[in-house]
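Only one structure is covered here, and it is reproduced in the block below.
Number of protein chains: 2
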Amino acid sequence: MTTKAGFLRARRPEQKQQRYAAILDAARDLAVRDGVGAVSLAAIAAEVGMHKSALLRYFETREEIFLRLAETEFQEWAPSTAAALAHAGPEPDDVADVLAGSVADRPLLCQLLLHSPLTLERNVSLDVVRAYKQAVRRSLEQMVPALHRALPALDEEACLDLFAMAGIAAAGLWQAAHPSPQVVALHAEDPNTTHYPDFRASLTRFVRVYLSGLLAA
Amino acid sequence: MTTKAGFLRARRPEQKQQRYAAILDAARDLAVRDGVGAVSLAAIAAEVGMHKSALLRYFETREEIFLRLAETEFQEWAPSTAAALAHAGPEPDDVADVLAGSVADRPLLCQLLLHSPLTLERNVSLDVVRAYKQAVRRSLEQMVPALHRALPALDEEACLDLFAMAGIAAAGLWQAAHPSPQVVALHAEDPNTTHYPDFRASLTRFVRVYLSGLLAA
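Line order of the protein sequences matches chains A and B. At position 104 of the first sequence the residue is numbered 104 (UniProt numbering), and the sequence of numbers has no breaks. At position 72 of the second sequence the residue is numbered 72 (UniProt numbering), and the sequence of numbers has no breaks.
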């Protein structure tokens with residue numbers, strides 16, 4: 001059964017599970033291609049070959065779909081990054097590069113970090129927000145000790161600060177690095193009027209500088 | 001003539017100018033009250049007492065209205081902050097506090113910094129984007145020398161870096177500090193699951209730490 005198959009009503013639990021996963025996959029593909037903000041519930045339904053009303057038996061809202069994807073992003077990001085940090089250091093720049101790279105490798109996470117507080121956490125039930133925040137918390141409970149082991153000079157509070165600000169920087173730099181066609185045209189017209197950063201390079205620079213500020217405090 | 005007057009068609013240039021300003025004022029009031037993302041063109045039209053079609057003789061789109069407000073925010077922010085920086089320093093923390101305070105005093109700017117790349121710069125003509133980016137550029141041309149005079153150890157590139165990242169941090173921390181009702185309820189249920197920062201305190205801390213990282217580089 002493919003995501004384009006035009007599903008009949010699922011009756012068995014494994015069929016339901018397949019459809020649930022197919023909806024998430026379709027939303028992920030569209031978000032990577034078009035940007036999270038541009039993906040409607042109707043577009044996800046069309047991509048997966050279901051009616052919108054059928055899709056809403058699986059998810060409360062469009063925003064739940066993306067918040068569930070964000071949950072998965074955190075669940076995947078934390079163990080792989082903790083493992084990479086086990087071999088990083090002792091130079092702070094080395095640790096910063098591993099951390100920045102682990103975020104830059106997840107363009108969907110970078111977008112979802114911006115959309116979560118702005119819209120996703122507003123248009124879902126308390127239960128869905130709780131599941132997402134618990135996933136974030138479990139990720140940080142893995143990541144903080146891993147970062148502290150890589151850089152013992154950084155205490156727990158500073159580790160949390162670095163994660164929080166790296167997330168905010170990733171969300172903002174992602175937007176800045178993927179400008180509108182109008183901004184691209186303006187830059188071509190006169191590079192002095194506006195410029196836009198390379199995402200990975202600017203995030204890496206940010207994490208290096210902020211980490212060095214935390215260590216200097 | 002008040003903004004609620006239910007305007008007849010404006011014929012004289014000064015009447016047109018009044019309506020243009022009344023539309024901007026209404027959008028600003030609604031954005032401060034409800035958040036930029038929640039303010040529709042229809043709501044602005046209702047607030048100012050005009051038909052939507054009449055309002056669209058003054059502005060291309062909802063997004064132009066907010067990008068014009070962002071232009072004004074930059075035009076007002078730069079001279080007052082440059083003046084405040086003239087009396088700041090020589091301690092980096094002192095300069096950081098002036099800079100962070102000048103941004104935290106402008107909650108509308110903090111919201112518009114997030115919405116500009118995400119939506120505003122996408123739904124307007126090249127001319128409107130050009131006017132906005134030129135206003136940003138002129139602000140930075142005032143601010144960079146003012147910051148460099150307050151902290152001569154910070155070169156021009158580092159000054160620009162500080163402004164760019166302070167803007168991204170302000171946009172992200174503003175969202176984090178103004179969470180959804182669901183996140184507020186979750187925090188009340190169990191403060192360990194999620195927390196949200198105080199906006200001014202977290203922005204000030206960020207600018208201090210990032211500035212110290214730039215000076216350590």
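Beta carbons: idealized from backbone N, C-alpha and C, even for Gly.
Closer than 7 Å, Cβ to any Cβ of chain B: which residues of the stretch 151-179 of chain A, in chain order? Here the close residues are 165, 168, 169, 171, 172, 173, 175, 176 and 179.
To the nearest angstrom, how far is it from the Cα of residue 81 (chain B) to the Cα of residue 146 (chain B)? As a first step, residue 81 (chain B) must be located in the second sequence, where it is residue number 81. As a first step, residue 146 (chain B) must be located in the second sequence, where it is residue number 146. Approximately 9 Å, taken between the alpha carbons.
Could you tell me whether the Cβ of residue 204 (chain B) comes closer than 8 Å to any Cβ of chain A? Here residue 204 (chain B) is taken as the residue at index 204 of the second sequence, counted from 1. No, residue 204 (chain B) does not count as interfacial toward chain A.
Buried or exposed (CB count within 10 angstroms, at least 16 for buried), residue 11 (chain A): Counting from one through the first sequence, the residue named residue 11 (chain A) turns up at place 11. The residue is exposed, with fewer than 16 neighbouring Cβ atoms inside 10 Å.
Chain-ordered neighbours of residue 89 (chain A) on chain D, where CB pairs are closer than 9 Å: Reference to chain D is not applicable here, since the protein chains of this structure are A and B.
DSSP three-state label for residue 91 (chain B), please. Position 91 of the second sequence holds residue 91 (chain B). Reduced to three states, the DSSP call for residue 91 (chain B) is coil.
For residue 133 (chain A), return the contacting residues in chain B, with the cut-off set at a CB-CB distance below 8 Å. Start at 1 with the first residue of the first sequence, and residue 133 (chain A) comes out as number 133. Chain B residues near residue 133 (chain A): 183, 186, 193 and 194.
Roughly how many angstroms separate the alpha carbons of residue 92 (chain B) and residue 50 (chain B), rounded to a whole number? Within the second sequence, numbered from 1, the residue matching residue 92 (chain B) stands at position 92. Within the second sequence, numbered from 1, the residue matching residue 50 (chain B) stands at position 50. When rounded, the distance between both Cα atoms is 49 Å.
At the 8 Å Cβ level, is residue 216 (chain A) part of the contact set with chain B, yes or no? For the purposes of this step, residue 216 (chain A) is taken as the residue at position 216 of the first sequence. At a cut-off of 8 Å, the C-beta of residue 216 (chain A) has a neighbouring C-beta in chain B.
Beta-carbon separation (whole angstroms), residue 14 (chain A) vs residue 30 (chain A), contact threshold 8 Å: As a working mapping, residue 14 (chain A) is identified with position 14 in the first sequence. As a working mapping, residue 30 (chain A) is identified with position 30 in the first sequence. At roughly 25 Å, the Cβ-Cβ gap does not stay under 8 Å, so residue 14 (chain A) and residue 30 (chain A) are not in contact.
Residue 134 (chain B) and residue 174 (chain B): beta carbons closer than 8 Å? Here the question's residue 134 (chain B) lines up with position 134 in the second sequence. Here the question's residue 174 (chain B) lines up with position 174 in the second sequence. Judged by their CB atoms, residue 134 (chain B) and residue 174 (chain B) are not nearer to each other than the 8 Å cut-off.
Assigned secondary structure, residue 148 (chain B) (DSSP; H/G/I helix, E/B strand, else coil): Within the second sequence, the letter at position 148 stands for residue 148 (chain B). In this structure, residue 148 (chain B) counts as helix in the three-state DSSP scheme.
Alpha carbon to alpha carbon, what distance is there between residue 27 (chain B) and residue 36 (chain B)? Position 36 of the second sequence, counted from the start, is the residue given in the question as residue 36 (chain B). Position 27 of the second sequence, counted from the start, is the residue given in the question as residue 27 (chain B). Roughly 9 Å separates the two Cα atoms.
Below 8 Å on the Cβ atoms is my contact criterion, and I expect residue 18 (chain B) with residue 78 (chain B) to pass it. Report the Cβ-Cβ distance as a whole number of Å. The residue you call residue 18 (chain B) lines up with position 18 of the second sequence. The residue you call residue 78 (chain B) lines up with position 78 of the second sequence. About 27 Å; that fails the 8 Å criterion.
Answer with buried or exposed for residue 117 (chain B), where buried requires no fewer than 16 other C-beta atoms within 10 angstroms of its C-beta. Within the second sequence, the letter at position 117 stands for residue 117 (chain B). Per the 10 Å Cβ criterion, buried.
Residue 209 (chain A): contacting residues in chain B (beta-carbon distance under 7 Å): By 1-based counting over the first sequence, the position of residue 209 (chain A) is 209. Within chain B, the residues near residue 209 (chain A) are 210, 213, 214 and 217.
Here's a check: name, in chain order, each residue in its chain whose Cβ is nearer than 6 Å to the Cβ of residue 20 (chain B), leaving out the five neighbours to either side. Counting from one through the second sequence, the residue named residue 20 (chain B) turns up at place 20. Only 58 meet the Cβ criterion.
Taking the Cβ atom as the reference point for each residue, do residue 172 (chain B) and residue 172 (chain A) lie within a distance shorter than 8 Å? The residue labelled residue 172 (chain B) in the question sits at position 172 within the second sequence. The residue labelled residue 172 (chain A) in the question sits at position 172 within the first sequence. Yes, the pair counts as a contact, with Cβ atoms nearer than the cut-off.
Taking Cβ to Cβ, would you say residue 75 (chain A) is nearer than 8 Å to residue 129 (chain B)? By 1-based counting over the first sequence, the position of residue 75 (chain A) is 75. By 1-based counting over the second sequence, the position of residue 129 (chain B) is 129. The answer is no: Cβ separation not under 8 Å.
Within this structure, are the beta carbons of residue 201 (chain B) and residue 103 (chain B) separated by less than 8 Å? Indexing the second sequence from 1 puts residue 201 (chain B) at position 201. Indexing the second sequence from 1 puts residue 103 (chain B) at position 103. Their beta carbons are not under 8 Å apart, which means residue 201 (chain B) does not touch residue 103 (chain B) by this criterion.
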